[in-house]
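J.: From first to last, the protein sequence lines are chains R and S.
Going left to right, the first sequence walks through residues 1 to 280 as the UniProt record's numbering numbers them.
Going left to right, the second sequence walks through residues 1 to 300 as the UniProt record's numbering numbers them.
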Amino acid sequence: MSRSPVPSRSPASGKAGFGWVPAVGYLVGLLTVLPMLWLTLAAFRPGSDVFSMSWPATLTLDNFAYVLTEVPFLRYLANSALVSIAVTVIALLLHTMAGYALARLRFRGRGIAFGLVIATLLVSLPVILVPLFMVTLTLGMVDSYAGLIVPSVFNAFGIFLLRQFYLNLPSELEDAALLDGCGYLRLYWHVVLPLSRPVLAALAVLFFLANWNSFVWPLTVTQSENLRVVQVGIASLQGQYAQEYQYVLAASVLAAIPTVIVFMLGQRRLVETLKTSGLR
Amino acid sequence: MSGLTMLVPRRPSQARAGYGFFALDGIGLVVFVAGPALLAIAIGLFDVDGFGKVEFVGLDNYRLMARDQLLWKSFGITATYVALFVPLAFVVSLCLALLTRRDYPGVGLVRTALFLPNVISLVVVGVLWKFLLTDKTGAVSSILAPFGLGDVSWLSDTALALPTLVLISVWFLMGYQMLIFLAGLQDIPQDLYDAATVDGANYWQRFWSVTWPALRPTSFFVLVTSLVNAATGVLAFDLIYVTTQGGPANATSTVIYYAYQQAFLYGRFGYAAAISAMIVAALIVVTGALFAATRGGAIR
């Protein structure tokens, strides 16, 4: 599904009017981020001042310092980083291979394989939480990094998206490589993966965000504090420091910073991929 | 599939590569997604307490479900949540897409701002709104106090908690759905608008005669994903866990949340699995309908 370049973006009507559209856009955009800005500001307020509605007289880093030193929050951040990066890398490798096989390689049972992907597209984690927990328990992976990582890798959406991408990719380079006697594994590594760079960048952002932000699975599969990820850490802080909101707010800001940075870096690719994923 | 592929001699290694490339993901999908979905049905036939007790009880769990008032209440809460959330999110995100569709200075920044709530985690979203909606001292109460609404308990009033969660969910998801709509809008040929304008159509007439019909596939996709998400996704779990814990008086205890509590709070794994099985059955019906409606592979 090759897409023609974006058609002219001049105002639809041809009239230059609609002066109120930008104004409303700015206002709605500002109102949308205002709650997040307010929380960020409150995280820098002294504890007695968190609910104040005025501009703070003093800004302090104490809340952040407390969270980073008195709570093993650095450990939570490191766990989240490790798990999200591991899942992202493994998932990208496996899904590119599977997506490529489904799009390009002919093998008996490919229809069934694709059917499996489609059938699992709408199965969400909360629905299978109990049986998935029991499978993970049976495999001896409960309360371990493997338990955090392995079950999170398999995601039909990623496979489906990559299959669509490979269906629309011109095959000349692959054909040339195959005619040269290149094996499929080398073809995958030296031709297919480099060609996939744009979609991989977008999926990397998507997978990283999804796993950094995931809550219910780490909550279910881990017990030990050593394995606690950042989202579970915040939820438990919230119970622990119900009277000292400033710490929970500081922790939330710390947890949100990497997601906003990763999103900003990958924004363009992500938006393009969402737009052209064929998922409409 | 390009014609050139056909010219490349078919080699037996192609099938082998196909199996090899799909194998790991295939096994993973079966073990960690499809398997558990089917397993829910099987586990639902047992009494499993998480301490090693596994006893076949046949349909007892399902009979129990029929008499479980709180379960039926939670089905009702999920239905209400979906019925409020799906249309509201649809209309809001379509309006946002129309608002950010054309280029004007800073439109990229506006789109980013609208998408930003979707980037931070639902746990942080929960903390954020719980903080803003704190009774009496929260920012929302302070802002609304001059209007006599300073004493409203947004998250601890049984009538208000669920609608409040719906609004928070819309705020969270609207940017994502807006992007999907923007993609759909981008595909509508400009000539259609030009022709309608020549015919003297005003903005609303152009919307209803050009935009709305052309957006039908996009709208369908948004509705289906939003419905599945709201009914069974983490949206209805993470947020509730952090903000209301299903309260007040079970007013925000969705089916997903109820099943979680049954399993991991009360150790009734078999019963929770039976509830999951019911949801899986409903999902199969929805997926089947989706598959039929899009004629299978036609979703490409």
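Idealized CB from N, CA, C, for every residue including glycine.
Just so we're clear, the structure is a prediction, and the values are computed from it rather than from any experiment.
#1: What does Pro112/S reach in chain R if we use C-beta pairs closer than 7 Å?
#2: At what residue ranges does the stretch 191-237 of chain R contain a whole run of the alpha helix (DSSP H), taking only runs of 4 or more?
#3: DSSP three-state label for Phe154/R, please.
#4: In whole angstroms, give me the CA-to-CA distance for Arg231/R and Thr136/R.
#5: From the beta carbon of Asp68/S, is the nearest beta carbon of chain R less than 8 Å away?
#6: Assign Asp47/S to one of three DSSP states: helix, strand, or coil.
#7: So, is Ser48/R buried or exposed, given that buried needs 16 or more other C-beta atoms within 10 angstroms?
#8: Can you check whether the C-beta of Asn213/R is within less than 8 Å of a C-beta belonging to chain S?
#9: Any beta carbon of chain R sitting closer than 8 Å to that of Phe237/S?
#10: Would Thr120/R pass as a contact of Leu39/S if the rule is Cβ separation under 8 Å?
#11: Hey, how far is the Cα of Gly109/R from the Cα of Ala177/R?
#12: Measure from the alpha carbon of Ser152/R to the alpha carbon of each residue in Ser171/R, Leu132/R, Gln267/R, Pro56/R, then state which is nearest.
#13: Below 8 Å between beta carbons: does that hold for Val127/S and Phe263/R?
#14: Following the continuous alpha helix (DSSP H) through Phe73/R, name the residue where it begins and the one where it ends.
#15: Does Arg108/R have its Cβ less than 8 Å from a Cβ in chain S?
#16: Roughly how many angstroms separate the alpha carbons of Ile85/R and Ala91/R, rounded to a whole number?
#17: Rounded to a whole number of angstroms, what is the C-alpha to C-alpha distance between Leu165/S and Lys130/S?
#18: Under 8 Å, Cβ to Cβ, is there at least one residue of chain R near Pro117/S?
#19: Give every residue of the same chain whose Cβ lies closer than 6 Å to the Cβ of Asp47/S, excluding the five residues on either side of it in the sequence, and list them in chain order.
#20: With a floor of 3 residues, list each beta strand (DSSP E) that falls wholly inside the stretch 51-102 of chain S, ordered by position along the chain.
#21: Under 8 Å, Cβ to Cβ, is there at least one residue of chain S near Tyr100/R?
#22: Could one say the Cβ of Tyr241/S lies closer than 8 Å to chain R's Cβ atoms, at least one of them?
#23: Can you confirm whether His95/R, when its beta carbon is compared against all beta carbons of chain S, has any partner nearer than 8 Å?
#24: To which residues of the same chain is Ser80/R closer than 6 Å at the C-beta, ignoring the five residues directly before and after it?
#25: Consult DSSP for Gly18/S and reduce its assignment to one of helix, strand or coil.
#26: Sorted by chain position, which residues of the same chain lie with C-beta nearer than 7 Å to Thr259/R's C-beta, five sequence neighbours on each side aside?
#27: By Cβ distance below 7 Å, which residues in the same chain neighbour Ala103/R in space, the five residues on each side in sequence not counted?
#28: With 7 Å as the C-beta to C-beta threshold (strictly closer), list the residues of the stretch 148-165 of chain R near chain S in chain order.
#29: Per DSSP, what kind of secondary structure is Leu169/R in: helix, strand or coil?
#30: Measuring only between beta-carbons, confirm whether Thr88/R sits less than 8 Å from chain S.
#31: Within a Cβ cutoff of 6 Å, which residues of the same chain sit near Ser156/S, ignoring the five residues on either side of it in sequence?
#32: Give every residue of the same chain whose Cβ lies closer than 6 Å to the Cβ of Pro213/S, excluding the five residues on either side of it in the sequence, and list them in chain order.
#33: Does Arg246/S come within less than 8 Å of chain R when only Cβ atoms are used?
#34: How is Trp55/R classed by DSSP in three states: helix, strand or coil?
#35: Could you tell me the boundaries of the alpha helix (DSSP H) in which Tyr241/R lies?
#36: Helix, strand or coil: how does DSSP classify Pro146/S here?
T.: Well, looking at it:
#1: Strictly speaking, residue 112/S in this sequence is Thr, with Pro absent from that position. What Thr112/S touches in chain R: Gln267.
#2: Within the stretch 191-237 of chain R, the complete alpha helix (DSSP H) runs of at least 4 residues are 197-212, 216-221.
#3: Of the three classes helix, strand and coil, the one that applies to Phe154/R here is coil, per DSSP.
#4: A quick correction: the sequence has Gln, not Arg, at residue 231/R. Cα-Cα distance, rounded: 21 Å.
#5: No, Asp68/S does not count as interfacial toward chain R.
#6: In the three-state reduction of the DSSP assignment, Asp47/S falls in the strand class, which pools E and B.
#7: It counts as exposed.
#8: Flagged as an interface residue toward chain S: Asn213/R, by a C-beta distance shorter than 8 Å.
#9: Judged by the 8 Å Cβ criterion, Phe237/S is in contact with chain R.
#10: If you check the CB distance, Thr120/R and Leu39/S do not come in under 8 Å.
#11: Near 26 Å, if we compare the C-alpha coordinates of Ala177/R and Gly109/R.
#12: With distances taken between Cα atoms, Ser152/R lies closest to Leu132/R.
#13: No, Cβ-Cβ distance for Val127/S and Phe263/R is not below 8 Å.
#14: Note, Phe73/R: alpha helix (DSSP H), 73-104.
#15: Arg108/R has a beta carbon lying within less than 8 Å of a beta carbon in chain S.
#16: Between Ile85/R and Ala91/R, the C-alpha separation is close to 10 Å.
#17: Computed Cα separation, rounded: 10 Å.
#18: Cβ-Cβ to chain R under 8 Å: yes for Pro117/S.
#19: Taking Asp47/S as the centre and dropping the five residues before and after it, the same chain places the C-beta of Glu55, Val57, Gly270 closer than 6 Å to its C-beta, in chain order.
#20: Runs of the beta strand (DSSP E) inside the stretch 51-102 of chain S: 54-56.
#21: For Tyr100/R, the answer is yes, since a Cβ of chain S falls inside 8 Å of its Cβ.
#22: It does: the Cβ of Tyr241/S has a partner Cβ on chain R nearer than 8 Å.
#23: For His95/R, the answer is yes, since a Cβ of chain S falls inside 8 Å of its Cβ.
#24: Result list for Ser80/R: Trp212, Val229, Val230, in chain order.
#25: DSSP places Gly18/S in helix when its eight states are reduced to three.
#26: Cβ contact annotation for Thr259/R (same chain, cutoff 7 Å, sequence separation greater than five): Leu209, Trp212, Asn213, in chain order.
#27: Excluding its 5 nearest sequence neighbours in each direction, Ala103/R has C-beta neighbours in its own chain below 7 Å: Arg163, Tyr166, Leu167, listed in chain order.
#28: Hits within the stretch, in order: Pro151, Val153, Phe154, Ala156, Ile159, Gln164.
#29: It is coil, neither helix nor strand.
#30: Cβ-Cβ to chain S under 8 Å: no for Thr88/R.
#31: These residues qualify, in order along the chain: Pro248.
#32: The same chain holds no residue with a CB closer than 6 Å to that of Pro213/S once the five nearest residues on each side in sequence are set aside.
#33: Per the sequence shown, the amino acid found at residue 246/S is Gly instead of Arg. Taking Cβ atoms only, chain R never reaches closer than 8 Å to Gly246/S, which makes this a no.
#34: DSSP, reduced to helix, strand and coil, places Trp55/R outside both helices and strands of the structure shown, so it counts as coil.
#35: Counting along the chain, Tyr241/R falls outside any alpha helix (DSSP H), and DSSP gives it neither H nor E.
#36: Per DSSP, reduced to three states, the secondary structure at Pro146/S is helical.
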